[in-house]
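Engineer: Input: one structure, supplied below.
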Amino acid sequence: MKCLVIGVESTAHTFSVSVVSSDGEILSNSKSVYKAPPGGGIHPFEASQNHLAAAPSVLTEALRSSGTEPGDLSAVAYAMGPGLGPCLRVGAVAARTLAASLGVPLVPVNHAVGHIELGCLLTGAEDPVVLLVSGGHTMIIAYSGLRWRILGESLDLTLGQLLDQFGRHHGMASPCGRAIEESASRSDHYLRLPYSVKGNDVSFSGLLTASKSLLDRGASFEDVSYSLQETSFSMVTEVTERALAFTGKKEVMIVGGVAANKRLSQMMSAMAERHSARVLAVPLEYSGDCGAQIAWTGVLAYESGIEVPVAESTVKQSWRLDVVDIPWRG
Amino acid sequence: MTSPGVDETVPGRLLYRGAEADVVLGDWQGLPAVFKVRKPLTYRLAAIDREIRRQRTAHEAEMIRHAKRAGVATPFLYHLDLQTSTIVMEYVGGKMLRDLAGQMTANDAEEPFFKFGEGVARLHAAGMMHGDLTTANLVSREGTLVFLDFGLAHRTSRLEDHAVDLRLIKETLVGAHPGIAKAALDALFRGYEAVAGTPKSRRVRSQLRNIERRGRYARVT
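Protein chains in written order, with my numbering: chain A, 43 to 372; chain B, 232 to 452.
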């Protein structure tokens, strides 16, 4: 029988609530996004205050626009982690309250698994190599033996942090990805930057330092943006290609906030062609953080019997996706 | 320099399309040989791509020589052409450890992974790291484990670099061969210790844990 699950995302800058049905229809996806001050990043407490203020209206809007009644919901899913503590707690409180008042199960969801599962739903990917690139993650992932397994990752900064910290050095406010992409598109002058691939892993810290120092020494923001994108995207494309060649899989799926970057997906396509693999890009609205990733993964988990008693429904700031069992793919 | 047989039309069968090179089986002066050709990768800017391919090809030839001197089985080098980023080397044959591991039980893992650990320790003792120790880069031939693909290898005695080698092995085992990962790693570390000795083995494993702790959201087990 068809069921409906409501999902609450609250791991970082986005507070979002969504209702999804068990046949994969996204009935609503409302959100409020915390805006950092220029030159700054996400202040966890400030972001949580945004979420606290926005929670009632986002929740109401998600229910209203889905055309469902609270009594129709079978379960409440929430992002248990990983993420920023103060932000996670707001989502957890909202979800607990809702589940308790409706008398339905509370379903914990790993935020990163949420990105992947929603991506698979929307792109039709069956057995992809996943590139998860955002402010919180930079990982190459594939499913094997009951879990999503990490085949490669960043050893320090995430790709989103690299772009944001570079943009902030120039006086922008996070997230800076779109502005950097736009600046980069106005240059084709490559300035040499350090390229650091270690096996299947990448390291961005030296690249960030070198890029900031180019700016400080007077190079144009356009040229450095261009060179930074070309270098960092080449690095993640190279390690994704390693994972693709190694596993022999035929699909590459890009998810997470940085998936919105056109130059990155262009590089991925050129790479995948050599291996006769398809590149699957998640639609812009759903590639970044959103309630739908939690609600849909909540459906899968709920149908597999996963739930958590309210008394144990804590949040986990550190929760790697490769420790989460995925029974629905078993 | 003329390079007979080394061009875009290397006669032969594509053995393996790796992440950065095509590996083609051909003929080198009457011997069956492998042509490892780093073709331009179109997704990268030519300025980035050219330098990386040239560097890795030259490095790889040098590192194969170095590994062989350290007592690690590698293919014999026949020819090097930096113009086309091509290495011509002995055709090893045998079976890829990745494919063997796919069929293994935890018991079967003991012997090959013990040898794997010994080989890695020899490379490290000789002051180098391999840099790409996935199970696709080891081939078992008549009981000998042959190390392939030295494209990311470096001369280094830094503990951190040696631990990075072990980290990739662990990542590959846990990521791609979860069923035998524990047994295989145990055997590998014992093999490593047998060659490197206990103090070095302890230090490198402790550094491996440090690297893992730096990972996002990591709870090291």
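We treat Cβ as the ideally placed atom computed from N, Cα and C, and that holds for glycine.
Assuming residue 288(A) is part of the alpha helix (DSSP H), what are its boundary residues?
Structural biologist: Walking along the first sequence from the start, residue 288(A) turns up at place 246. Per DSSP, residue 288(A) belongs to the alpha helix (DSSP H) from 263-289.
Engineer: Going by beta carbon distance, what residues of the same chain come within less than 7 Å of residue 326(B), once the five residues before and after it are set aside?
Structural biologist: In the second sequence, the residue the question calls residue 326(B) occupies position 95. Taken in chain order, the residues that qualify are 370 and 371.
Engineer: By DSSP's criteria, residue 57(A) is part of a beta bridge. Which residues make up the other side?
Structural biologist: Translated into the one-based positions of the first sequence, residue 57(A) becomes position 15. By DSSP's assignment, residue 57(A) forms a beta bridge with 74(A).
Engineer: With a threshold of 8 Å between beta carbons, is residue 246(B) in contact with chain A?
Structural biologist: Your numbering for residue 246(B) matches position 15 in the second sequence. Not an interface residue.
Engineer: Just how far apart, CA to CA, sit residue 235(A) and residue 440(B)?
Structural biologist: Stepping through the first sequence from its first residue, residue 235(A) is reached at position 193. Stepping through the second sequence from its first residue, residue 440(B) is reached at position 209. About 29 Å.
Engineer: Expressed to the nearest angstrom, what Euclidean distance is found between the alpha-carbon atoms of residue 410(B) and residue 314(B)?
Structural biologist: For this step, residue 410(B) is matched to residue 179 along the second sequence. For this step, residue 314(B) is matched to residue 83 along the second sequence. In a straight line, the C-alpha of residue 410(B) is about 43 Å away from that of residue 314(B).
Engineer: Measuring only the C-alpha atoms, how far is residue 264(B) from residue 122(A)?
Structural biologist: As a first step, residue 264(B) must be located in the second sequence, where it is residue number 33. As a first step, residue 122(A) must be located in the first sequence, where it is residue number 80. Going from the Cα of residue 264(B) to the Cα of residue 122(A) covers about 54 Å.
Engineer: List the DSSP bridge partners of residue 194(A).
Structural biologist: Taking the first residue of the first sequence as position 1, residue 194(A) is located at position 152. The partner list for residue 194(A) (beta bridge, DSSP) reads 182(A).
Engineer: List the whole-angstrom C-beta distance separating residue 401(B) from residue 416(B), where the pair is believed to meet the contact cut-off of C-beta under 8 Å.
Structural biologist: Position 170 of the second sequence holds residue 401(B). Position 185 of the second sequence holds residue 416(B). About 6 Å separates the CB atoms of residue 401(B) and residue 416(B); that is less than 8 Å, so the two are in contact.
Engineer: Name, please, each residue of chain B whose Cβ falls closer than 9 Å to the Cβ of residue 198(A).
Structural biologist: Looking up residue 198(A) in the first sequence gives position 156. Residues of chain B passing the Cβ test: 445.
Engineer: Could you tell me which whole beta strand (DSSP E) segments of length 3 or greater appear in the stretch 233-287 of chain B?
Structural biologist: 244-248, 253-259 and 262-268
Engineer: Can the beta-carbon of residue 448(B) be found less than 8 Å from the beta-carbon of residue 360(A)?
Structural biologist: Taking the first residue of the second sequence as position 1, residue 448(B) is located at position 217. Taking the first residue of the first sequence as position 1, residue 360(A) is located at position 318. Cβ atoms of residue 448(B) and residue 360(A): closer than 8 Å.
Engineer: Strictly under 8 Å for the Cβ-Cβ distance: is residue 409(B) near chain A by that measure?
Structural biologist: Locating residue 409(B) in the second sequence gives position 178, counting from the first residue. Cβ-Cβ to chain A under 8 Å: yes for residue 409(B).
Engineer: Taking 6 Å as the limit between beta carbons, can you name the residues of its chain near residue 419(B), skipping five residues before and five after?
Structural biologist: Numbered from its first residue, the second sequence carries residue 419(B) at position 188. The residues are 344, 347 and 348.
Engineer: Within 8 Å of any Cβ in chain B, is that where the Cβ of residue 222(A) sits?
Structural biologist: For the purposes of this step, residue 222(A) is taken as residue 180 along the first sequence, with counting starting at 1. Not closer than 8 Å to any Cβ of chain B, the Cβ of residue 222(A) fails to qualify, so no.
Engineer: Return the first residue and the last residue of the beta strand (DSSP E) that residue 309(B) is part of.
Structural biologist: Walking along the second sequence from the start, residue 309(B) turns up at place 78. Per DSSP, residue 309(B) belongs to the beta strand (DSSP E) from 308-312.
Engineer: Quick check: the stretch 305-322 of chain B against the stretch 389-399 of chain B, are at least 3 beta-carbon pairs closer than 8 Å?
Structural biologist: no
Engineer: Step through the CB atoms of chain A and report whether any lies within less than 8 Å of the CB of residue 275(B).
Structural biologist: For the purposes of this step, residue 275(B) is identified with residue 44 of the second sequence, where counting begins at 1. Answer yes: the Cβ-Cβ gap between residue 275(B) and chain A drops below 8 Å somewhere.
Engineer: Mind listing which residues of the stretch 385-402 of chain B have their C-beta closer than 7 Å to chain A's C-betas, in chain order?
Structural biologist: Answer set for the stretch 385-402 of chain B: 395, 399 and 402.
Engineer: Can you grab the Cα-Cα spacing for the pair residue 228(A) / residue 201(A), in whole Å?
Structural biologist: Here the question's residue 228(A) lines up with position 186 in the first sequence. Here the question's residue 201(A) lines up with position 159 in the first sequence. If you take the alpha carbons of residue 228(A) and residue 201(A), they lie about 21 Å apart.
Engineer: Which residues does DSSP list as the beta-bridge partners of residue 150(A)?
Structural biologist: Sequence index remark: in the first sequence, residue 150(A) carries index 108 (1-based). In DSSP, residue 150(A) forms a bridge with 120(A).
Engineer: Hey, out of 117(A), 350(A), 97(A) and 357(A), whose CA is closest to residue 75(A)'s CA?
Structural biologist: The count along the first sequence starts at 1 and reaches residue 75(A) at position 33. That would be 97(A), whose Cα lies nearest to the Cα of residue 75(A).
Engineer: Applying a beta-carbon distance threshold of less than 7 Å, which residues of chain A neighbour residue 315(B)?
Structural biologist: Residue numbering aside, residue 315(B) sits at position 84 when the second sequence is read from its first letter. Those do not exist, as residue 315(B) stays about 17 Å from chain A at its closest Cβ, beyond 7 Å.
Engineer: Per the DSSP calculation, residue 326(B) is bridged to which residue(s)?
Structural biologist: Walking along the second sequence from the start, residue 326(B) turns up at place 95. Residue 326(B) is bridged to 371(B).
Engineer: Check the Cβ of residue 279(B) against every Cβ in chain A and list those closer than 8 Å, keeping chain order.
Structural biologist: As a first step, residue 279(B) is located in the second sequence; it is residue number 48 there, counting from the start. Those within 8 Å of residue 279(B) in chain A are 232, 237, 272, 273 and 276.
Engineer: Taking the alpha-carbon of residue 303(B) as reference, which of 375(B), 283(B) and 250(B) has the nearest alpha-carbon?
Structural biologist: Here residue 303(B) refers to the residue found at position 72 of the second sequence. Selected option, being the one with the closest Cα: 375(B).
Engineer: In angstroms with no decimal places, state the Cα-to-Cα distance between residue 162(A) and residue 338(A).
Structural biologist: To locate residue 162(A), count along the first sequence from 1; it is residue 120. To locate residue 338(A), count along the first sequence from 1; it is residue 296. Across the structure, residue 162(A) and residue 338(A) are spaced so that their CA atoms are roughly 11 Å apart.
Engineer: Can you list, in chain order, the residues of its chain with a C-beta nearer than 8 Å to that of residue 234(B)? Leave out the 5 residues immediately preceding and following it.
Structural biologist: Here the question's residue 234(B) lines up with position 3 in the second sequence. Any answer about residue 234(B) is weak, because its pLDDT of 40 lies below 50 and its placement is not dependable; what the coordinates show is given next. 310, 312, 314, 315 and 317.
Engineer: Which of the three DSSP states, helix, strand or coil, is assigned to residue 394(B)?
Structural biologist: What you label residue 394(B) is simply residue 163 of the second sequence in a count that begins at 1. Here residue 394(B) sits in helix by DSSP.
Engineer: Give me, in chain order, the residues of the same chain whose beta-carbon lies closer than 6 Å to that of residue 231(A); leave out the 5 immediate sequence neighbours on both sides.
Structural biologist: One-based indexing of the first sequence puts residue 231(A) at position 189. Non-local C-beta neighbours of residue 231(A) in its own chain, meaning closer than 6 Å and more than five positions away in sequence, comprise 265, ordered along the chain.
Engineer: Measuring from the CB of residue 98(A), is there a heavy atom of the ligand SAH at a distance below 7 Å?
Structural biologist: Absent from the structure shown: the ligand SAH. Ligands present: none.
Engineer: Does the distance from the CB of residue 59(A) to the CB of residue 333(A) come in under 8 Å?
Structural biologist: As a working note, residue 59(A) is residue 17 in the first sequence. As a working note, residue 333(A) is residue 291 in the first sequence. The answer is yes: Cβ separation under 8 Å.
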